[in-house]
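Participant: Sharing a structure with you now.
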Amino acid sequence: MGKGKCVAVLVALFMSVFIEWFAGNSGEAEMHLERKEYSNQSGRNDIKIFYPQIHGIGDGGKEACINTIIKEDALKQVRGELFLSRELIHKLDYEVKFLNGGLVSIVYKGKCGGIEGRLPPTAFATNIDIREGKLLKLKDVVIDLGVLWEMLLEDRFENVTMWDGMKGDATVSDHYSRRKDKLFVLLQAEEWDMIGSNVSWYTDGAHFVILLDEGLTYNEFSIDISEVEEILDKGFLEKLDSGEEGTEE
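If you read the sequence shown in the working numbering, its first letter stands for residue 4, the second for the next number, and so on.
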């Protein structure tokens, strides 16, 4: 083969590889989360909250809607008398527990209280259905809250809370054996109670975790998803297997 033909073949081969690479990399950007910060130091407020924003889902309108929901839920404790009197201390950071094409599960932890009072630990979770662009509450994913309630009271869930490297030992039965009805009310609650107890949930894809925030402390109770599949919504279970996982910047 002559030198000219050889060069032509190499050029053609290079162009073929380049076109294939370009075709595979010129589509939608990879879904990822970007770290954002909300800060408020007006008066004696000392508020700093970190929260994620999602990008690359391929639908600008839905993406904007989801990001608004994430931000508003992250800032839901930035209100009330302490905030209005500009005496709120609120420090919050997040961890993304799960992210794929169908679901993002985020846990927030930090401290919240007044200038002159205690600063108890606080924690809650935010879960977003990416396909539908909506916040998922406990009742949206658990089809039988009564069974969940019984399993919690029977201590079928393991305490996985970590305090300075030490695992928590509190149990649901210890806290609610004499107020079982109160726990059931919390499981059904629609709104966040600024001065009382609250229940939220999250998943890492393999476990289903109930997060109980009781004002002065919180605890996380985890169970393998295989043990609660019968009381979880099938659509939610399908979301756990909705394609490639995203990344965080």
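Glycine included, each C-beta is placed from N, C-alpha and C at the ideal position.
To the nearest angstrom, how far is the alpha carbon of residue 232 from that of residue 205?
Facilitator: As a working mapping, residue 232 is identified with position 229 in the sequence shown. As a working mapping, residue 205 is identified with position 202 in the sequence shown. Taking C-alpha positions only, residue 232 is separated from residue 205 by approximately 15 Å.
Participant: For the beta strand (DSSP E) containing residue 194, name the first residue and the last one.
Facilitator: Taking the sequence shown and counting its residues from 1, the one referred to as residue 194 is at position 191. Unbroken run through residue 194: none, as it is neither H nor E.
Participant: Taking 8 Å as the limit between beta carbons, can you name the residues of its chain near residue 218, skipping five residues before and five after?
Facilitator: The residue given as residue 218 occupies position 215 in the sequence shown. Taken in chain order, the residues that qualify are 123, 198, 199 and 200.
Participant: Work out the CA separation of residue 102 and residue 141 for me, nearest whole Å.
Facilitator: If you number the sequence shown from 1, residue 141 lands on position 138. If you number the sequence shown from 1, residue 102 lands on position 99. C-alpha separation (whole angstroms): 18 Å.
Participant: If you draw a straight line from the alpha carbon of residue 67 to that of residue 224, how long is it in whole angstroms?
Facilitator: Locating residue 67 in the sequence shown gives position 64, counting from the first residue. Locating residue 224 in the sequence shown gives position 221, counting from the first residue. Answer to the nearest angstrom: the Cα atoms are 32 Å apart.
Participant: Which of the three DSSP states is assigned to residue 57 in this structure?
Facilitator: Walking along the sequence shown from the start, residue 57 turns up at place 54. Here residue 57 sits in strand by DSSP.
Participant: Locate the alpha helix (DSSP H) running through residue 228, then write down its first and last residues.
Facilitator: Walking along the sequence shown from the start, residue 228 turns up at place 225. No alpha helix (DSSP H) holds residue 228; DSSP gives it neither H nor E.
Participant: Are three or more beta carbon pairs between the stretch 83-98 and the stretch 114-122 nearer than 8 Å?
Facilitator: Enough Cβ pairs lie closer than 8 Å, so yes.
Participant: Using three-state DSSP, classify residue 235 as helix, strand or coil.
Facilitator: Working through the sequence shown from its first residue, we reach residue 235 at position 232. Reduced to three states, the DSSP call for residue 235 is strand.
Participant: Can you tell me the Cα-Cα spacing of residue 174 and residue 105, whole angstroms?
Facilitator: Walking along the sequence shown from the start, residue 174 turns up at place 171. Walking along the sequence shown from the start, residue 105 turns up at place 102. Distance between the alpha carbons of residue 174 and residue 105: 32 Å.
Participant: Hey, residue 82 and residue 48: beta-carbon distance below 8 Å or not?
Facilitator: What you label residue 82 is simply residue 79 of the sequence shown in a count that begins at 1. What you label residue 48 is simply residue 45 of the sequence shown in a count that begins at 1. Not in contact: residue 82 and residue 48 (Cβ atoms no closer than 8 Å).
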